[in-house]
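Student: There's a structure below that I have some questions on.
There are 4 protein chains.
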Amino acid sequence: MPLSVGVLGYRFMGEAHANALARLPMFFPDAPAVERSVLVGRDETALADAADRLGFERTATDWHDVVDEVDVFYNLGPNHLHVDPSIAALEAGTPVLCEKPLAPTLDGAERMADAAATAGVPTATAFNYRFVPAIQYAKRLLDDGVIGDVRHFRGRYLQDWLVDADAPWSWRNSVDLAGSGALGDLGAHTVDLARFLVGDVERVSGQLRTFVDERPVEDGSETRPVSVDDAYSAQVAFENGAMGTLEGTRMATGRQNDHTIEIEGTRGALSFSLERLNELRVRTEDDRGFQRVLVTDEDDPYLDHWWPPGHVLGWEHTFVHENYEFLSAVADGTAYSPSFADGLAVQRVLDAIARSDERGERVSV
Amino acid sequence: MPLSVGVLGYRFMGEAHANALARLPMFFPDAPAVERSVLVGRDETALADAADRLGFERTATDWHDVVDEVDVFYNLGPNHLHVDPSIAALEAGTPVLCEKPLAPTLDGAERMADAAATAGVPTATAFNYRFVPAIQYAKRLLDDGVIGDVRHFRGRYLQDWLVDADAPWSWRNSVDLAGSGALGDLGAHTVDLARFLVGDVERVSGQLRTFVDERPVEDGSETRPVSVDDAYSAQVAFENGAMGTLEGTRMATGRQNDHTIEIEGTRGALSFSLERLNELRVRTEDDRGFQRVLVTDEDDPYLDHWWPPGHVLGWEHTFVHENYEFLSAVADGTAYSPSFADGLAVQRVLDAIARSDERGERVSV
Amino acid sequence: MPLSVGVLGYRFMGEAHANALARLPMFFPDAPAVERSVLVGRDETALADAADRLGFERTATDWHDVVDEVDVFYNLGPNHLHVDPSIAALEAGTPVLCEKPLAPTLDGAERMADAAATAGVPTATAFNYRFVPAIQYAKRLLDDGVIGDVRHFRGRYLQDWLVDADAPWSWRNSVDLAGSGALGDLGAHTVDLARFLVGDVERVSGQLRTFVDERPVEDGSETRPVSVDDAYSAQVAFENGAMGTLEGTRMATGRQNDHTIEIEGTRGALSFSLERLNELRVRTEDDRGFQRVLVTDEDDPYLDHWWPPGHVLGWEHTFVHENYEFLSAVADGTAYSPSFADGLAVQRVLDAIARSDERGERVSV
Amino acid sequence: MPLSVGVLGYRFMGEAHANALARLPMFFPDAPAVERSVLVGRDETALADAADRLGFERTATDWHDVVDEVDVFYNLGPNHLHVDPSIAALEAGTPVLCEKPLAPTLDGAERMADAAATAGVPTATAFNYRFVPAIQYAKRLLDDGVIGDVRHFRGRYLQDWLVDADAPWSWRNSVDLAGSGALGDLGAHTVDLARFLVGDVERVSGQLRTFVDERPVEDGSETRPVSVDDAYSAQVAFENGAMGTLEGTRMATGRQNDHTIEIEGTRGALSFSLERLNELRVRTEDDRGFQRVLVTDEDDPYLDHWWPPGHVLGWEHTFVHENYEFLSAVADGTAYSPSFADGLAVQRVLDAIARSDERGERVSV
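Here the protein sequences line up with chains A, B, C and D, keeping their order. Sequential numbering from 4 applies to the first sequence in the working numbering. Sequential numbering from 4 applies to the second sequence in the working numbering. Sequential numbering from 4 applies to the third sequence in the working numbering. Sequential numbering from 4 applies to the fourth sequence in the working numbering.
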């Protein structure tokens with residue numbers, strides 16, 4: 004019996020996950036069989052079109068009706084819709100994958116993690132960048148001691164889609180709908196990779212900034228206040244003694260989607276950029292400079308499923324890998340990471356950054 | 004009624020095209036509907052497995068039975084199988100897409116192009132690199148005069164999978180099965196892009212080289228002669244007065260799949276590398292240096308079908324674009340390029356390069 | 004009458020400035036004539052050798068005897084020798100160029116700046132990176148409005164010469180001799196460029212770290228404590244509203260001398276790395292990507308004094324430009340920047356970073 | 004007694020060598036002492052100014068008077084002045100350094116090499132790029148077997164100063180004054196590095212091209228014919244079995260001084276670009292990608308004479324190294340390479356390229 008999947012949300016993330024589900028059988032034949040059962044949304048016409056194009060069997064306009072009918076629930080809606088449907092699904096014993104950040108507030112995230120613990124089913128916070136082969140390969144090098152003990156972590160996520168003060172207002176600019184701005188949207192990814200690659204964060208200092216205070220709505224009829232940060236920075240101390248600097252912004256003119264991770268340890272170093280996601284720069288102890296490694300060899304993470312060496316993957320492949328791992332965990336009843344607990348751990352760091360900014364103090368996580 | 008597609012070949016290229024067909028409905032909803040009808044091969048077990056995984060309705064072991072039963076025939080077999088099945092399909096009035104190089108010999112390519120002309124149906128030589136968005140964008144800049152009149156073309160395709168003298172022999176090392184080595188395999192792509200971006204080639208000088216004369220078969224039981232080139236180079240004069248240098252090799256230690264195109268004109272310049280296929284380096288008349296352009300904006304070629312700016316595509320997307328264009332031409336009865344005539348034009352250049360090498364003379368195409 | 008120059012210090016910085024003085028006549032014929040008069044140091048043998056090689060007329064072992072005998076005094080000794088000789092020279096009415104950081108402590112820097120104000124003669128804090136042509140060109144673009152209002156500044160200076168825990172102890176590891184570690188040594192440069200390119204800093208949060216607590220002396224006979232930071236980070240708010248992140252470390256495995264500056268504004272963006280100091284990456288409003296500009300054209304800053312376009316300069320050229328500007332100011336009695344006042348302004352920021360780290364609070368400069 | 008040096012030519016190359024001579028004592032204290040004795044030119048006013056600025060003791064307007072009066076003769080004039088003064092100096096027993104290409108014609112180069120052999124004194128053809136530390140380091144890696152047997156050499160020298168059809172005519176556009184265009188000016192450097200790093204060339208095919216047939220003189224009063232090539236390409240077979248492609252052009256829009264060398268061998272690979280001359284990309288057998296090596300360590304070639312690791316050198320430093328080696332050979336009476344014999348060997352290759360282009364045939368060197 005294939006797993007039936009119910010999906011809330013049919014825009015950017017809905018399409019990314021639907022595509023991932025559709026590609027599993029050809030490239031991951033050992034993945035559990037999956038049915039795209041039901042697509043959930045409010046606008047019936049748009050929803051019907053999307054369901055047709057994305058290959059869903061039916062649609063629903065109320066998530067309450069769905070969360071206990073499906074084998075797996077994907078919560079891909081805007082942040083303010085993360086909490087209630089996810090908890091309802093968990094209360095129905097349905098495994099949940101939820102987009103990041105886990106919740107608009109720390110309280111919401113805690114309730115979600117609690118519900119996950121109570122339900123005892125696999126959960127996922129959709130930090131898809133863990134599933135970039137180059138990031139998995141970085142993790143492998145770190146685990147193998149090639150980098151040694153980490154001393155420095157540098158993570159920054161630079162985008163430029165709000166540089167123009169006249170770029171239209173969206174839910175991502177509202178504290179009520181999104182919880183935070185660049186901090187939650189971009190910083191969540193960076194903090195997750197920091198935890199994945201280096202370890203837990205102990206203390207943070209944070210700085211948030213809103214450069215443009217209000218923006219016109221799409222049709223230009225009015226302006227609305229921007230109640231979230233356009234950019235954040237943070238400096239962090241990891242539990243293992245490493246130090247780090249984080250930054251995220253939607254105001255970095257000329258940087259479209261530049262998520263850069265740099266790590267230096269006692270023996271080696273790593274560098275990664277999302278705009279060149281097939282590459283990892285690696286410096287091992289015997290090297291005189293950083294090697295530019297094309298992470299597309301057969302024994303690289305997930306690469307045996309795809310093409311011969313040198314035939315590069317794209318952004319969307321991270322979702323295929325993520326769905327493969329999560330659905331396998333659901334089918335096998337095994338643990339999955341990054342789970343809701345990981346999503347909460349990230350949220351605690353983000354919350355500490357925001358508190359530090361408010362108080363002007365260093366804050367423990 | 005969906006178009007029924009019959010596909011000969013189920014390995015690397017078979018998978019690349021099957022994936023492309025599978026992805027069209029979600030991302031190119033205006034593409035004609037397609038049925039993966041029949042997969043053709045010789046090894047019944049492997050074939051059945053492949054058909055199952057790649058989503059074909061049935062299998063066949065004799066292409067003769069297939070070429071007139073389907074609406075479109077894809078010839079994705081090794082080079083020595085390009086000629087006869089393609090001609091048979093055309094004689095049955097079936098449009099054909101054939102992998103490159105069009106044929107192992109110039110004579111074969113001429114017969115295929117003749118058959119295409121007689122049949123009057125769309126044909127495709129599968130030069131998928133024309134369908135990289137960055138290459139399409141380069142073409143746009145050239146057509147718009149941003150580069151001016153082209154003076155220099157530099158195309159090189161560097162791979163390293165045969166560096167090791169003990170790398171196993173395959174059909175790609177046999178003149179009977181492949182026709183040529185790096186020249187046909189890699190040079191065909193480079194010459195096609197030269198024609199696409201700059202124009203027809205008038206004269207060439209060529210140099211071919213085989214570095215390793217024999218190789219062990221896979222199981223090590225014997226060695227077989229390498230009867231094709233490991234590497235080629237050429238210098239060319241284009242009809243429009245530009246000059247060019249070409250190179251292709253399977254012996255370029257450290258270069259896995261590095262297809263680089265550089266063009267300089269009277270007003271600007273371009274540079275592209277397949278290992279970073281989302282990028283085009285562009286220098287316009289007003290610039291002080293090359294711009295690194297991430298060709299992922301909504302108004303970039305094919306990008307409105309995919310993800311937001313900065314979310315990069317992979318190698319396989321070129322096949323989706325190629326299949327979209329070819330199948331649309333089949334459905335609409337419109338012209339398609341690169342056709343068999345284009346494949347033949349490329350073959351003439353490759354043949355001239357080989358003749359020039361033999362004779363030690365500059366040769367007209 | 005040539006200006007007589009007395010120089011305290013004959014190692015790394017002594018050589019860099021002596022070379023600069025020696026090269027002025029050939030490349031900057033309008034620079035004031037200069038005599039390398041006297042070289043000051045303690046080890047008479049080493050001093051004599053250095054004076055001979057560096058072209059000084061005589062030597063002296065006591066700076067007290069020198070500061071009022073020369074027309075210009077260069078203080079290139081270790082940090083703990085910056086204060087007294089510089090003040091003595093100023094009290095004698097002698098213009099002074101002092102290496103960075105201006106002093107080991109804020110108090111020392113304040114006294115030096117006071118002495119400079121009282122003396123009313125030109126002073127220089129030797130922030131030579133202002134005189135990289137690419138940095139001067141960046142300043143020109145900022146002044147011309149090409150970048151718009153700055154929103155983001157990112158400055159990091161990564162070195163790796165202390166990665167090895169057995170790398171020998173030197174005066175740079177002593178708070179008494181150096182004042183601070185990476186903060187003063189590397190951070191001083193970064194803060195100076197931040198002030199030069201963006202403006203004054205209003206508030207900072209800082210983080211300092213010492214990874215290796217003691218180190219062996221050169222001959223291995225004993226270990227000494229490391230009483231300064233190995234690395235620092237900071238996040239800053241500029242008076243004009245821009246936000247910034249700073250970092251400096253001697254522990255960045257694989258980074259030898261990587262001083263990177265990135266700026267994003269409302270209209271454009273800039274990026275610079277000291278390891279490729281002839282280049283500036285520039286994105287203007289009309290660009291689709293960063294241009295890699297080779298700043299070697301005749302109308303680029305200082306380039307009319309050197310070689311044709313594309314013939315790159317080295318690190319040492321920054322000292323030639325710096326000496327040219329400072330000595331011209333001395334000869335003409337005009338103002339010079341970066342002066343001791345600028346050195347003090349930098350010191351205030353560094354001091355605030357250290358205080359913030361101690362207190363765990365955001366601090367005003 | 005210092006060596007007295009007489010120098011013919013006081014423009015670009017005159018300045019580059021005068022600077023090198025001036026810098027030797029400070030950085031290469033074991034170099035022989037040198038006097039900049041006499042500067043030779045025709046325009047007495049310009050000559051006197053240059054001699055003053057470049058530090059020459061006196062001037063002369065007739066080289067005949069100089070060649071036997073000095074200990075070393077530097078011939079830095081335009082190509083058509085290379086032959087006679089150099090031979091006259093050699094006949095007087097004076098060691099000669101001559102700028103490249105050695106002569107405008109093969110016949111002239113042969114006569115110069117004959118004169119050098121007869122004289123038995125050190126001679127130098129000024130292929131300064133051999134003295135880039137990264138190139139010396141590449142040579143070391145090749146000699147040490149790190150790269151294995153070379154299979155591929157790729158050398159191209161791209162400039163853009165003649166892209167504009169209205170760029171003024173100069174002696175470099177005249178076959179009588181220069182002998183050839185890009186071929187001799189740029190190709191000479193590339194062929195020398197090919198010989199230095201790979202070995203002697205056996206056979207070539209060449210292609211020359213003039214894109215702009217006439218150009219205005221500087222004051223615009225008339226146009227003169229361009230009688231040399233604007234660009235050349237060549238494919239070569241080395242005696243040791245390697246194959247190579249060469250290219251040089253003054254028409255490569257956007258490339259100011261891009262001399263790129265790429266080598267692939269059975270075990271490793273190298274890549275170098277003059278625009279980033281402190282770097283060498285190296286791939287050894289154990290690497291997964293090219294290492295970007297900053298060739299500025301203390302044990303790198305010539306680097307112990309300069310600055311600490313990571314403090315980059317410029318283009319002009321190659322002349323310091325070249326002058327150091329040549330003058331040391333003169334002082335010690337030892338052999339020097341690249342000599343006139345090397346200059347002649349390069350010329351034979353260039354001549355073969357030109358002949359191949361004329362005949363449309365592959366040509367033996």
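All residues carry an ideal CB built from backbone N, CA and C; glycine is no exception. These numbers were taken from a predicted model, which means no experiment stands behind them.
Measuring alpha carbon to alpha carbon, tell me which residue in E18/C, R358/C, A51/C, V73/C is nearest T64/C.
Tutor: Comparing Cα-Cα distances from T64/C to each of E18/C, R358/C, A51/C, V73/C, the minimum goes to A51/C.
Student: Taking a cut of 7 angstroms between CB atoms, which residues from the region 278–303 of chain A lie near chain D?
Tutor: Those residues of the region 278–303 of chain A that come within reach of chain D (Cβ to Cβ, closer than 7 angstroms) are D290, R291, G292, F293, Q294, R295, V296, L297.
Student: Count the other C-beta atoms from every protein chain shown that fall within 10 angstroms of the C-beta of S224/D, then say buried if there are 16 or more, exposed otherwise.
Tutor: By the 10 Å Cβ count, S224/D comes out exposed.
Student: Which residue from R212/A, A53/A, A338/A puts its Cα closest to that of S40/A?
Tutor: Measuring from the Cα of S40/A, the nearest candidate turns out to be A53/A.
Student: Can you tell me whether N78/A is buried or exposed? The criterion is at least 16 other CB atoms within 10 Å of its CB, across all chains shown.
Tutor: Classification for N78/A: buried.
Student: Determine which residues of the region 16–31 of chain D have a Cβ less than 9 angstroms from any Cβ of chain C, and write them out in chain order.
Tutor: Within the region 16–31 of chain D, the qualifying residues are E18, A19, A21, N22, A25, R26, P28, M29, F30.
Student: Ignore the nearest five residues each way along the sequence and tell me which others in A118/D's own chain have a CB closer than 6 angstroms to its CB.
Tutor: I90, L93.
Student: Determine the extent of the alpha helix (DSSP H) in which H262/B is found, giving its start and end residues.
Tutor: Segment 261–268 is the beta strand (DSSP E) holding H262/B; no alpha helix (DSSP H) there.
Student: In whole angstroms, what separates the C-alpha of S367/C from that of R206/C?
Tutor: Cα to Cα, the separation comes out at about 4 angstroms.
Student: Helix, strand or coil: how does DSSP classify G313/A here?
Tutor: Residue state, collapsed to three classes: coil.
Student: From T287/D to T256/C, what distance separates their C-alpha atoms?
Tutor: Using only the alpha carbons, I get a separation of about 20 angstroms.
Student: Helix, strand or coil for R56/A per DSSP?
Tutor: In the structure shown, R56/A sits in a helix (DSSP, three-state: H, G or I).
Student: Enumerate in chain order the residues of its own chain whose CB-to-CB distance from I264/B is below 6 angstroms, with the five nearest sequence positions on each side excluded.
Tutor: Excluding residues within five positions, the ones whose Cβ falls inside 6 angstroms are G158, L196, F275.
Student: Using 7 angstroms as the threshold, is the C-beta distance between L306/A and P136/A below it?
Tutor: For L306/A and P136/A, yes; Cβs fall inside 7 angstroms.
Student: Leaving out the 5 sequence neighbours to the left and right, which residues in its chain are closer than 6 angstroms to F130/D when beta-carbon positions are compared?
Tutor: Hits under 6 angstroms: K103, D195, P341.
Student: Our contact map puts L165/D next to V220/D with C-beta atoms below 8 angstroms; I'd like the distance itself, whole angstroms only.
Tutor: That pair is no contact at about 15 angstroms.
Student: Taking the CB atoms as reference points, tell me whether P98/A and P125/A lie closer together than 7 angstroms.
Tutor: Going by C-beta atoms, P98/A is nearer than 7 angstroms to P125/A.
Student: Could you check which residue in A127/A, L11/A, Y13/A has the C-alpha nearest to that of L330/A?
Tutor: Ranking A127/A, L11/A, Y13/A by Cα distance to L330/A puts A127/A first.
Student: Work out the CA separation of L280/D and H20/C for me, nearest whole Å.
Tutor: Spanning the two alpha carbons is a distance of roughly 24 angstroms.
Student: Between which two residues does the beta strand (DSSP E) carrying G111/D extend?
Tutor: No beta strand (DSSP E) holds G111/D; the alpha helix (DSSP H) holding it covers 109–122.
Student: Count the other CB atoms, across all protein chains shown, that sit within 10 Å of the CB of H67/C; report buried if there are 16 or more and exposed otherwise.
Tutor: When all chains shown are included, H67/C counts as exposed.
Student: DSSP on G17/D, reduced to helix/strand/coil?
Tutor: DSSP places G17/D in helix when its eight states are reduced to three.
Student: Could one say the Cβ of H155/C lies closer than 7 angstroms to chain A's Cβ atoms, at least one of them?
Tutor: So yes, H155/C belongs to the interface.
Student: From the DSSP output, read off the bridge partner residues of H155/B.
Tutor: Note: H155/B sits in a beta bridge opposite M246/B, E267/B.
Student: Have a look at L6/B and E72/B and give me their C-alpha separation to the nearest angstrom.
Tutor: Cα to Cα, L6/B sits roughly 11 angstroms from E72/B.
Student: Measure the alpha-carbon distance for L211/C versus Y140/C and round it to whole angstroms.
Tutor: Taking the straight line joining both Cα atoms gives about 32 angstroms.
Student: If contact means a Cβ-Cβ distance below 8 angstroms, which residues of the region 63–89 of chain C contact chain D?
Tutor: Those would be none; no residue qualifies.
Student: State the CB to CB distance for the pair L347/A and A116/A, rounded to an integer number of angstroms; the pair is presumed to be in contact (CB under 8 angstroms).
Tutor: L347/A to A116/A, Cβ: 4 angstroms. Contact.
Student: Tell me the rounded alpha-carbon separation between F15/C and W310/D.
Tutor: For F15/C and W310/D, the distance between alpha carbons rounds to 8 angstroms.
Student: Taking the DSSP output, what are the residues bridged to F275/A?
Tutor: Bridge partners of F275/A: I264/A.
Student: Grab the span of the alpha helix (DSSP H) containing L306/A for me, first residue to last.
Tutor: Careful: L306/A lies outside any alpha helix (DSSP H) and carries neither H nor E.
Student: Say whether chain D places a C-beta atom closer than 7 angstroms to the C-beta of N176/C.
Tutor: It does not; no Cβ of chain D falls within 7 angstroms.
Student: Let me make sure I understand the geometry here. Which of A344/B, L105/B, H320/B has the alpha-carbon closest to that of A181/B?
Tutor: Comparing Cα-Cα distances from A181/B to each of A344/B, L105/B, H320/B, the minimum goes to L105/B.
Student: Kindly indicate if chain C contains any beta-carbon less than 7 angstroms away from that of W172/D.
Tutor: Not one chain C Cβ lies under 7 angstroms of W172/D.
Student: Okay, do the region 226–235 of chain C and the region 141–148 of chain C touch, 3+ Cβ pairs below 8 angstroms being the bar?
Tutor: Counting Cβ pairs under 8 angstroms, fewer than three are found: no touch.
Student: Give, in chain order, every residue of the region 313–346 of chain B whose Cβ lies closer than 9 angstroms to some Cβ of chain A.
Tutor: Cβ contacts with chain A come from G313, H314, V315, L316, G317, W318, E319, H320.
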